[in-house]
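Down below is the structure, laid out as structure tokens.
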Amino acid sequence: MQPISEFKSKSGLKRIHQAFFYSLDGFRSAWRNEHAFRQEVSVFVVGTIIALLLRVSAFEKLVLIGVLMLILIVELINSSIEAVVDRVSLERHPLSKNAKDFGSAAVLLTCLLAIATWAVVLYNRFI
35 MQPISEFKSK SGLKRIHQAF FYSLDGFRSA WRNEHAFRQE VSVFVVGTII ALLLRVSAFE
95 KLVLIGVLML ILIVELINSS IEAVVDRVSL ERHPLSKNAK DFGSAAVLLT CLLAIATWAV
155 VLYNRFI
């Protein structure tokens, strides 16, 4: 039988309560320690304001804001991968590089998806 981590969550409302505060800790840590996350939050805020002001359908607003939020989600996952790799070892290793590069590629693909989504919505609406 495998040992159970002391950090393994419990069930019920206490778990939900704790999970919420762990999430807030994650946001704070990402904001403090990840420059890319701060940049992407800035893009998210500006993009959300623009999307809400655009004369497009509610669904299109949701999609425009959703792809920007997806960038933040993928960036948080990428930062998690980088933190785990650095926790295991700060030594340069091809597998560590791969893990970090894969996460970075995921963020890039998400950004390209956001650009394409915004381009299609704006093109269909204004051109």
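Numbering-wise, the sequence shown is residues 35 to 161 according to the numbering used here.
Ideal Cβ placement from N, Cα and C applies to all residues, glycine included.
Exercise. Touch check for the stretch 60-75 and the stretch 101-121: three-plus C-beta pairs under 8 Å?
Worked result: yes
For this session: Can you grab the Cα-Cα spacing for the pair A92 / L58, in whole Å?
Result: 28 Å
For this session: Flag this pair as yes or no: are the beta carbons of V154 and L98 separated by less than 8 Å?
Result: For V154 and L98, no; Cβs fall outside 8 Å.
Exercise. Quick one, are the C-beta atoms of L102 and A64 less than 8 Å apart?
Worked result: Not in contact: L102 and A64 (Cβ atoms no closer than 8 Å).
Problem set entry | Beta-carbon contacts of A85 that lie in its chain and below 7 Å, excluding the five residues immediately before and after | K95, L98, I99
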